[in-house]
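Chains as they are written, first to last, in this note's numbering: chain A, 5 to 271; chain B, 5 to 271.
Just so it is clear, CB atoms sit at the ideal spot from N, CA and C, and this is done for glycine as well.
Written out below as structure tokens is the structure these notes cover.
2 protein chains.
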Amino acid sequence: MPKTAARAHDNPYVVQPVMKALKVLELVARQGHEIALTAVSKELRIPKTTTFRYLQTLTAAGFLDHNRATDRYNLGPQLRAIARADASVSKIRELARPAMIELMHEFNETVNLAVKGNGTIVYIDLIEANRSLRMQARIGESHPMHSTALGKAILAFLPEAERRRQLDLPLTERTGRTLIEREEIERQLRQVARTGYATEMGENEDGAMCVGVPVLDEDGYPVAALSISAPLMRMPHSLAAKAGMRLREVAAGISARLGSHPAGATR
Amino acid sequence: MPKTAARAHDNPYVVQPVMKALKVLELVARQGHEIALTAVSKELRIPKTTTFRYLQTLTAAGFLDHNRATDRYNLGPQLRAIARADASVSKIRELARPAMIELMHEFNETVNLAVKGNGTIVYIDLIEANRSLRMQARIGESHPMHSTALGKAILAFLPEAERRRQLDLPLTERTGRTLIEREEIERQLRQVARTGYATEMGENEDGAMCVGVPVLDEDGYPVAALSISAPLMRMPHSLAAKAGMRLREVAAGISARLGSHPAGATR
DNA sequence: GAGCAAATTCCGCAAGGCGAAACCTCTGTT
DNA sequence: AACAGAGGTTTCGCCTTGCGGAATTTGCTC
Numbered sequence: 005m006p007k008t009a010a011r012a013h014d015n016p017y018v019v020q021p022v023m024k025a026l027k028v029l030e031l032v033a034r035q036g037h038e039i040a041l042t043a044v045s046k047e048l049r050i051p052k053t054t055t056f057r058y059l060q061t062l063t064a065a066g067f068l069d070h071n072r073a074t075d076r077y078n079l080g081p082q083l084r085a086i087a088r089a090d091a092s093v094s095k096i097r098e099l100a101r102p103a104m105i106e107l108m109h110e111f112n113e114t115v116n117l118a119v120k121g122n123g124t125i126v127y128i129d130l131i132e133a134n135r136s137l138r139m140q141a142r143i144g145e146s147h148p149m150h151s152t153a154l155g156k157a158i159l160a161f162l163p164e165a166e167r168r169r170q171l172d173l174p175l176t177e178r179t180g181r182t183l184i185e186r187e188e189i190e191r192q193l194r195q196v197a198r199t200g201y202a203t204e205m206g207e208n209e210d211g212a213m214c215v216g217v218p219v220l221d222e223d224g225y226p227v228a229a230l231s232i233s234a235p236l237m238r239m240p241h242s243l244a245a246k247a248g249m250r251l252r253e254v255a256a257g258i259s260a261r262l263g264s265h266p267a268g269a270t271r
Numbered sequence: 005m006p007k008t009a010a011r012a013h014d015n016p017y018v019v020q021p022v023m024k025a026l027k028v029l030e031l032v033a034r035q036g037h038e039i040a041l042t043a044v045s046k047e048l049r050i051p052k053t054t055t056f057r058y059l060q061t062l063t064a065a066g067f068l069d070h071n072r073a074t075d076r077y078n079l080g081p082q083l084r085a086i087a088r089a090d091a092s093v094s095k096i097r098e099l100a101r102p103a104m105i106e107l108m109h110e111f112n113e114t115v116n117l118a119v120k121g122n123g124t125i126v127y128i129d130l131i132e133a134n135r136s137l138r139m140q141a142r143i144g145e146s147h148p149m150h151s152t153a154l155g156k157a158i159l160a161f162l163p164e165a166e167r168r169r170q171l172d173l174p175l176t177e178r179t180g181r182t183l184i185e186r187e188e189i190e191r192q193l194r195q196v197a198r199t200g201y202a203t204e205m206g207e208n209e210d211g212a213m214c215v216g217v218p219v220l221d222e223d224g225y226p227v228a229a230l231s232i233s234a235p236l237m238r239m240p241h242s243l244a245a246k247a248g249m250r251l252r253e254v255a256a257g258i259s260a261r262l263g264s265h266p267a268g269a270t271r
């Protein structure tokens, strides 16, 4: 059996130890229960020593859990955490999408959905208005928190300590109108907390504005934000206020449904 | 910062390529969105070439997904499948446990819970009766499908094609009473499908018997099975029939509650 | 169409992964 | 209590194969 070059035809860049370790991970996971070193080794036809090393590594990384009592391995916390975080994002996107499409038609402007990243907001979905002049972000793109309506909406609803930590980071000046004075930002955030929606006027991109609201999870934590963005010239204050109101309604609906899952696994 | 030997103190058996690739996987997963090669490389301080290889490997294994349009990576189907399977098993165990304890007290015999493995059933939980002579399986142990009540209960409710595939595999003879005639087994499975419970009399272990029923998911697929096992001498046919009935009730309750989660992710 | 930035490919070096075998450590047994 | 055996851990030297700098290609942007 020519097993040496077995995987080479797949992709010359595949790193064998990684691939084999992933097979181990997969096998352990698919058992749905603890499994011992020897069993993995036999099943995968990988020598015991090598299997041992992979199991050790996977365990060290938290992807597996080693039960010292039974000397068996099963799924670890890391993998569950990743899956949970992913499911959460998927769920928000799924819940938000219909409402976003509705909003897009209502205002005929681009509607954005973003999650809180590390000091930034990250677009996870957007419905573009069918207009020649439109604001475009990209899914996967990160923007600073303090210069976007999405970010300000999240900041305003963050727990005190975390908000402070965010604002302690250096605040980049994206345009001439970006707020970089701590005082000024905090004043605005207090207002956002009162009205429930945040606005941004050319602070992130020249000529563009945005109205954003937070999406809260069952604990009231702002996991994401929803916004409508438009060229400044097309969105006067009065319309922005109206958009803010509608966004609040929509986000409230999403937030409500976010908490309604029984969550099968441990926490 | 001496980062070369940074991980060596952890565990001499940690395989570096695997560990680093897992860090890549984790980083990508924790983004909650697509991320590009260069970003991963910079974040993790791993040379671009190496990062590239890991991303390729993780993608080839299905743990990541490579979006060719944007040349970015995010979580792949494999990881989601693993997480889903794990959550499902956890949930079954969780839901079944109270009922199993009740059953154990009711019959004063060991109650077993198993999931379908690859051609086998795998014990994922059991409540042992407090008797000196008792049947004992072990959590994590696998038994053949055709020689156990648990397996027969599952087989009987499997889709036609999959059942055939299972029975095409060589059927090991565990005891002198193990059924290995295809005809005979299929006749029994039809009966199991009618009555809703399967029995096994010394076919898996001499002197032991077992009554089992399937646990069905929302699609009617037998994901697991529940059984009561006892020494043959303690369980006459009449009692076995009674146990079968009770097991059916209990499993129906579990099956019903299995479908009651909204299931956040795609399918 | 020039100029980047990012991804992909190439290539030679040697780090470090590999696996056989020895060793240890339990559990169950006589 | 000693034994046997299965399964887990450690050692060790070979040599595969992973590594990463550099070159090349690809795909944008101006």
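Measure from the C-beta of residue i to each C-beta in chain A and report whether the shortest distance is under 9 Å.
| i | result |
| --- | --- |
| B:N116 | no |
| B:A9 | The predicted model places B:A9 with a pLDDT of 37, which falls under 50 and marks its position as unreliable; any figure quoted below should be read in that light. It does not; no Cβ of chain A falls within 9 Å. |
| B:G268 | Low per-residue confidence applies at B:G268: pLDDT is 36, beneath 50, and the placement is therefore not dependable enough to give any value. |
| B:A100 | no |
| B:F67 | yes |
| B:R191 | no |
| B:Q82 | yes |
| B:N15 | yes |
| B:K27 | yes |
| B:T74 | yes |
| B:A153 | no |
| B:G263 | no |
Residues of chain A with CB under 7 Å from residue i, in chain order?
| i | result |
| --- | --- |
| B:E166 | Those do not exist, as B:E166 stays about 16 Å from chain A at its closest Cβ, beyond 7 Å. |
Would you verify that the beta carbon of residue i is, or is not, closer than 9 Å to some beta carbon of chain B?
| i | result |
| --- | --- |
| A:M104 | no |
| A:Q170 | no |
| A:L79 | yes |
| A:I258 | no |
| A:E222 | no |
| A:V93 | yes |
| A:E30 | yes |
| A:I86 | yes |
| A:A89 | yes |
Would you identify the three-state DSSP class for residue i, choosing helix, strand or coil?
| i | result |
| --- | --- |
| A:G216 | strand |
| B:G257 | helix |
| A:H70 | strand |
| B:L236 | helix |
| B:T203 | strand |
| B:S151 | coil |
| B:L175 | coil |
| A:I96 | helix |
| A:R76 | strand |
| A:P16 | coil |
| A:M23 | helix |
| A:L183 | coil |
| A:A85 | helix |
| B:A141 | coil |
Which residues in chain B sit within 7 Å of residue i, going by Cβ to Cβ distance?
| i | result |
| --- | --- |
| A:N134 | Chain B residues near A:N134: none, gap ~20 Å exceeds 7 Å. |
| A:V18 | Q60, T61 and A64 |
List, in order along the chain, the chain B residues whose C-beta lies closer than 8 Å to that of residue i?
| i | result |
| --- | --- |
| A:V119 | G36 and H37 |
In chain A, which residues lie less than 8 Å from residue i when you measure between Cβ atoms?
| i | result |
| --- | --- |
| B:M23 | T61, A64 and A65 |
| B:V126 | Q35, G36 and H37 |
| B:I143 | H37 and E38 |
How far does the alpha helix (DSSP H) with residue i in it extend, from its first residue to its last?
| i | result |
| --- | --- |
| A:D172 | E164 to D172 |
| B:V44 | L41 to L48 |
| A:Y58 | K52 to A64 |
Between which two residues does the beta strand (DSSP E) harbouring residue i extend?
| i | result |
| --- | --- |
| A:D210 | Taken as a continuous stretch (DSSP letters only), A:D210 belongs to no beta strand (DSSP E), as it is neither H nor E. |
| A:T124 | T124 to I131 |
| A:L117 | T114 to K120 |
Chain-ordered residues of the region 36 to 63 of chain A with a beta carbon less than 8 Å from chain B: G36, H37, E38, I39, A40, F56, R57, Y58, Q60, T61 and L62
Near-chain A residues of the region 198 to 223 of chain B - C-beta to any C-beta below 7 Å: none
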